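Participant: Going by the working numbering, the sequence shown opens with residue 8, and the numbers climb by one from there.
Virtual Cβ for every residue (Gly too), placed ideally from N, Cα, C.
This one's a predicted model, so the numbers in the text were calculated from it and none came from an experiment.
For reference, the structure I am asking about is given below.
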Amino acid sequence: MVRRPLGNHHDGPDTLLVTTETTTQTEQVASPSEYDETEALRELITPVRVVLWDFDGPVCRLFAGHSAEGVADGLVEWLEGRGLHALLTEEERESLDPQVVLRAVGRRHPGSDLVTDLEERLTQEELKAASSAMPTAWADPLIRTWAALGLRLAVTTNNSARVVAKYLDGRGLLSCFAPHVYGRTDDLDLLKPDPHCLNQALLAMGSAPGTALMIGDTPSDYLAARDAGVPFLGYARTERKEKLLRGAGATAVVASLETVLRAVRTAAHPLARPRPRPRA
Numbered sequence: 008m009v010r011r012p013l014g015n016h017h018d019g020p021d022t023l024l025v026t027t028e029t030t031t032q033t034e035q036v037a038s039p040s041e042y043d044e045t046e047a048l049r050e051l052i053t054p055v056r057v058v059l060w061d062f063d064g065p066v067c068r069l070f071a072g073h074s075a076e077g078v079a080d081g082l083v084e085w086l087e088g089r090g091l092h093a094l095l096t097e098e099e100r101e102s103l104d105p106q107v108v109l110r111a112v113g114r115r116h117p118g119s120d121l122v123t124d125l126e127e128r129l130t131q132e133e134l135k136a137a138s139s140a141m142p143t144a145w146a147d148p149l150i151r152t153w154a155a156l157g158l159r160l161a162v163t164t165n166n167s168a169r170v171v172a173k174y175l176d177g178r179g180l181l182s183c184f185a186p187h188v189y190g191r192t193d194d195l196d197l198l199k200p201d202p203h204c205l206n207q208a209l210l211a212m213g214s215a216p217g218t219a220l221m222i223g224d225t226p227s228d229y230l231a232a233r234d235a236g237v238p239f240l241g242y243a244r245t246e247r248k249e250k251l252l253r254g255a256g257a258t259a260v261v262a263s264l265e266t267v268l269r270a271v272r273t274a275a276h277p278l279a280r281p282r283p284r285p286r287a
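Here it is as structure tokens:
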């Protein structure tokens, strides 16, 4: 007797329950492309003992309900109110990314009170954004699954560590990471693509780069991982992001963390490994 179980169709590929008089066997039947992708991911994640997550993108969309463009405009207006209009180029003033504005000021006035004040203003805006951030699909169960399997997790981000802690605490995920949250410092030269925050995490967790994995969604994440010697997995929810990641050199890129979760589960339970459908 062959029957298809009821359940959430997002939990993985089609599952057929094959029942005989003496045994019950579960087989996952995946398309060849699904099988190949899952197998490739399984090979990537099998040696991993530490996972370094970028925050805004792989874990959540931080500015989903609090416009990043509005935050960038606010920082520009704050500078202009202090007579510092000429401090930014026209392109920087029109940037949609508040990090671009902060970095620009940091390059021209490194270590100054101006940079400290501007960074704190950005942190306050990020804290507001954390309240309406949108969780990335499948991130929560992937984080919980890896933590349950005994892997050690860290956040390595250009956002404020205070913001990360607020978001994770609100999702009940802080215990999966704490105390390993490494965020923006006053020294803006140490932001990714500099590997500083990744190296901090590896040192604190006593992990060799080759046993770690970085999950990120920008070229700066990939470059930081490359320079730290950490294998990289790109998350690209749009074709544009995938093109940028691959253009930077990333070779392993997924459009959904569901694919990663499936690979983690099959790596943890080899008997549940999907069987490919015969090729035409």
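1. Hey, quick one: how far does the beta strand (DSSP E) through A219 stretch, first residue to last?
2. Can you look up T31 in the DSSP assignment and give me helix, strand or coil?
3. Using CA atoms only, rank isn't needed, just tell me which of E76, Y229 and W85 is closest to T163.
4. According to DSSP, is A85 helix, strand or coil?
5. Could you check the C-alpha separation between V2 and C183 for me, to the nearest Å?
6. Quick check: what's the CA-CA separation for T143 versus G177?
7. In the DSSP assignment, find the alpha helix (DSSP H) that holds T130 and state where it starts and stops.
8. Can you tell which of P105, V122, C204 and D147 has its C-alpha closest to the C-alpha of A136?
9. DSSP state of A185, grouped into three classes?
10. Does the distance from the CB of L252 to the CB of A262 come in under 8 angstroms?
11. What three-state label does DSSP hand L59 in the structure shown?
12. So if DSSP puts P117 in a beta bridge, which residue, or which two residues, is it bridged to?
13. Should A155 go down as buried or exposed, given a rule of 16 or more other Cβ atoms within 10 Å for buried?
14. Quick check on E97: buried or exposed, where buried means 16 or more other Cβ atoms within 10 Å of its Cβ?
15. Check whether the region 188 to 197 touches the region 71 to 90, counting contact only when three or more Cβ pairs, one atom from each stretch, lie closer than 8 angstroms.
16. If you run the structure through DSSP and keep just helix, strand and coil, what is T163?
17. Is G77 helix, strand or coil by DSSP?
18. Are the beta-carbon atoms of R115 and L129 separated by less than 8 angstroms?
19. DSSP puts C67 in a beta bridge; with which residues?
20. Are the Cβ atoms of G140 and A75 separated by less than 8 angstroms?
Facilitator: Concretely, from the data shown:
1. Walking along the sequence shown from the start, residue 219 turns up at place 212. A219 -> beta strand (DSSP E) spans A219 to G223.
2. As a position in the sequence shown, residue 31 is number 24, starting the count at 1. At T31, the pLDDT of 35 sits below 50, so the modelled position is not reliable; the number obtained from the coordinates is stated separately. T31 falls in the strand class under three-state DSSP.
3. Stepping through the sequence shown from its first residue, residue 163 is reached at position 156. The candidate whose alpha carbon is nearest that of T163 is Y229.
4. By one-based count along the sequence shown, residue 85 stands at place 78. Checking the sequence shown, residue 85 turns out to be Trp, not Ala. Looking at W85 - three-state DSSP - the assignment turns out to be helix.
5. Residue 2 falls outside the range modelled here, since the chain spans only 8 to 287, and no answer is possible.
6. In the sequence shown, residue 143 corresponds to position 136, counting from 1. In the sequence shown, residue 177 corresponds to position 170, counting from 1. T143 and G177: Cα-Cα distance of roughly 14 angstroms.
7. Indexing the sequence shown from 1 puts residue 130 at position 123. Element bounds for T130: D120 to A137.
8. Looking up residue 136 in the sequence shown gives position 129. Of the candidates P105, V122, C204 and D147, the one whose C-alpha sits nearest the C-alpha of A136 is P105.
9. Taking the sequence shown and counting its residues from 1, one reaches residue 185 at position 178. Coil.
10. Here residue 252 is taken as the residue at index 245 of the sequence shown, counted from 1. Here residue 262 is taken as the residue at index 255 of the sequence shown, counted from 1. No; because the gap between Cβ atoms is not below 8 angstroms, this pair is not in contact.
11. Counting from one through the sequence shown, the residue named residue 59 turns up at place 52. It is a strand residue.
12. As a first step, residue 117 must be located in the sequence shown, where it is residue number 110. According to DSSP, P117 bridges with nothing at all.
13. For the purposes of this step, residue 155 is identified with residue 148 of the sequence shown, where counting begins at 1. Exposed.
14. Indexing the sequence shown from 1 puts residue 97 at position 90. Answer is exposed; the Cβ neighbour count stays below 16.
15. no
16. Along the sequence shown, one-based indexing puts residue 163 at 156. Here T163 sits in strand by DSSP.
17. Stepping through the sequence shown from its first residue, residue 77 is reached at position 70. G77: helix per DSSP, three-state reduction.
18. Locating residue 115 in the sequence shown gives position 108, where the first residue counts as 1. Locating residue 129 in the sequence shown gives position 122, where the first residue counts as 1. No, Cβ-Cβ distance for R115 and L129 is not below 8 angstroms.
19. Taking the first residue of the sequence shown as 1, we reach residue 67 at position 60. C67 is bridged to D63 and P142.
20. Taking the sequence shown and counting its residues from 1, the one referred to as residue 140 is at position 133. Taking the sequence shown and counting its residues from 1, the one referred to as residue 75 is at position 68. Note on identity: in this sequence residue 140 is Ala, with Gly being the wrong assignment. Their beta carbons are not under 8 angstroms apart, which means A140 does not touch A75 by this criterion.
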